[in-house]
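Each number in my numbering comes from the position in the sequence shown (counting from 1) with 4 added on.
Following: one structure in structure tokens, then a few remarks.
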Amino acid sequence: MIRPALLVLSGLLLHPGDASASLFCLVPETADGFVALRAAPGAQGRLILRMRAGDEVQIIEGGRGGWSKVRHWPGDTRLAKGYEGFSEGHVARRFLRDCG
Numbered sequence: 005m006i007r008p009a010l011l012v013l014s015g016l017l018l019h020p021g022d023a024s025a026s027l028f029c030l031v032p033e034t035a036d037g038f039v040a041l042r043a044a045p046g047a048q049g050r051l052i053l054r055m056r057a058g059d060e061v062q063i064i065e066g067g068r069g070g071w072s073k074v075r076h077w078p079g080d081t082r083l084a085k086g087y088e089g090f091s092e093g094h095v096a097r098r099f100l101r102d103c104g
């Protein structure tokens, strides 16, 4: 039997960076073709970039008010090149699906 503490420890070892960073999600398809990555939580936050369907994000803070802080990699960049080259910002949680 695997102890819960061991599972948590192994999760921290597999995901470098912030200790709360553990969930990876795919950006879903949307009617307008993108999901906004913003500099601050909220629709008035400066637009950093437009994430496309199939891009990957890692939740690094659960956030408040319906927003989460994430790291973003376009397409399969993280899988192909590793953990470097990400953008960091905030995304509306309603767009975070297929996480795990």
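Built from N, CA and C at the ideal position, the CB exists for glycine as well.
Just so you know, these numbers come straight off a predicted model, no measurement behind them.
Per DSSP, the bridge partner or partners of residue i
i          : result
residue 1  : Look at the range of the chain in this structure, 5 to 104, and you will see that residue 1 is not part of it.
residue 75 : 62, 92
Minimum C-alpha distance to residue i - residue among the options
i          : options         : result
residue 30 : 58, 70, 45, 85  : 58
residue 54 : 76, 46, 64      : 76
residue 67 : 78, 98, 52      : 98
residue 86 : 60, 34, 33      : 60
residue 35 : 72, 89, 56, 101 : 56
residue 78 : 89, 50, 101     : 89
residue 28 : 95, 74, 62      : 62
DSSP-derived helix/strand/coil call for residue i
i          : result
residue 99 : helix
residue 68 : coil
residue 56 : coil
residue 25 : Unreliable positioning characterises residue 25 in this predicted model, as indicated by a pLDDT of 49, which lies under 50. A coordinate reading is not provided.
residue 33 : coil
Rounded distance between the beta-carbons of residue j and residue i, thought under 8 Å
i          : j          : result
residue 43 : residue 93 : 6 Å
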